[in-house]
Structure formats: structure tokens, C-alpha cells
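Going by this note's numbering, the residue at position 89 of the sequence shown is 257; the numbering climbs one at a time, nothing skipped. The beta carbon of each residue, even a glycine, is placed where N, CA and C say it ideally should be. Fair warning: this is a prediction, and the values are worked out from it, not measured in the lab. See below for the structure under consideration.
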Amino acid sequence: MSVSFIRIDDRMIHGQTCTRWAREYPCDGLIAVNDKAAGNNVLKAAYKAASGKKTFVWTLEDFKKKCQKVLESDTRYFLITKNPVDMCKILVEQGFKCDIDTVIVGPCNDRDGATKLGNNQSITQEEADAFEKMSKAGYKIKFALLPDVSIGTWDDFKGKFGY
169 MSVSFIRIDD RMIHGQTCTR WAREYPCDGL IAVNDKAAGN NVLKAAYKAA
219 SGKKTFVWTL EDFKKKCQKV LESDTRYFLI TKNPVDMCKI LVEQGFKCDI
269 DTVIVGPCND RDGATKLGNN QSITQEEADA FEKMSKAGYK IKFALLPDVS
319 IGTWDDFKGK FGY
């Protein structure tokens, strides 16, 4: 197994959260994909320090180039993006496929133009469009801050966005 868990979290890597999810989905390392973070050495160092696990912070282009090595690896990775648009680029546009078909959505901050779905989970229309594309590509989307704290699935909320 190469990818054991797929997550969208606007904090990307948060130590306690990664530890809690790793109990449900064992992992040896983390791959965070975000162009801005990958270009910021301070952010990269902070993310690498947060989990205590082997951690990579890559651009979308880096992931595209290295994804086959990830798939062939014996290491179990969490694949994490900061937002649904980036995850959609990886799973739908780049066509990345692994054995995982569920995308877990964690914190998405309240912002102007975002629709609140639940506590610390708000999404914009652009993000909703990305969720719909992932859903149509066969992925289940589950909104869960922690394994035992879920507010529902994309099917529960997509009507708020015209789907």
C-alpha cells in the first residue's frame, strides 16, 4: 500500500490530528501538496516538525512527477492538500489512482463567500465544484474533523451548491 489516507485540511499538517487519524489509517509518512507551502522554507520546516513522521511538502508539479514512485513505495503515506481544488487537480485532472476512494475533509475556515456546512467547515462554490468533480470521478467525500466527528458526506450538502 502506498497511500493509506487522503485528506483535505486547511492547516495541512497538524500533529495531534495526524496522530489521531494514524490510529485509524496507519501511515509511515506524509505528503503535503501545496505550491505556496512548497516554496516557503519556514512553512516546510514547520510541517516537517509537526508530525514526527517522514514528511514531504511538494508542489502539484512535484507530485505529478513523483506519484508513480509513491505508488510503488512500501511506505504508507497520508496524501494531504490544503484545499479541495488542489486535491481535485491530483485525483481528477492528473488522474492519480490508489486503493483509497474516500477523501476526508477536515477544517475549512469560514471565509467571505463561503457557505458554512458545520463547525469549522465552510466551502466556496469553486471548492464545491471541485468536490462534485471528485464525486463524479468515483470518490466518496466525507466531512470529518476527527474519525468520530463527522457532519456528513458531499451528498448531504451538494444541494446547497446547485448539484
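{"Item": "Below 9 Å between beta carbons: does that hold for residue 174 and residue 255?", "Value": "yes"}
{"Item": "Going by Cα to Cα distance, which pick from 172, 277, 216 is closest to residue 241?", "Value": "172"}
{"Item": "With a 10 Å radius around its C-beta and 16 neighbouring C-beta atoms as the bar for buried, classify residue 289 as buried or exposed.", "Value": "buried"}
{"Item": "How far does the alpha helix (DSSP H) with residue 293 in it reach, from first residue to last?", "Value": "293 to 304"}
{"Item": "Under DSSP, the alpha helix (DSSP H) around residue 212 begins and ends at which residues?", "Value": "209 to 219"}
{"Item": "If you compare alpha carbons, which of 201, 304, 216, 210 is closest to residue 234?", "Value": "201"}
{"Item": "Where does residue 250 sit, in a helix, a strand or coil, going by DSSP?", "Value": "coil"}
{"Item": "Among 326, 179, 223, which one has its Cα closest to the Cα of residue 292?", "Value": "326"}
{"Item": "Do residue 321 and residue 311 come within 9 Å of each other at the CB atom, strictly closer than that value?", "Value": "yes"}
{"Item": "Which parts of the stretch 230 to 279 are runs of the alpha helix (DSSP H), unbroken and 4 residues or longer, counting only runs that do not cross its ends?", "Value": "252 to 256"}
{"Item": "Just reading off the beta strand (DSSP E) that residue 326 is part of, what are its end residues?", "Value": "Segment: none, residue 326 is in no beta strand (DSSP E) and carries neither H nor E."}
{"Item": "Within 10 Å of its beta-carbon, does residue 274 have 16 or more other beta-carbons around it, so buried, or fewer, so exposed?", "Value": "buried"}
{"Item": "Which of helix, strand or coil does DSSP assign to residue 205?", "Value": "helix"}
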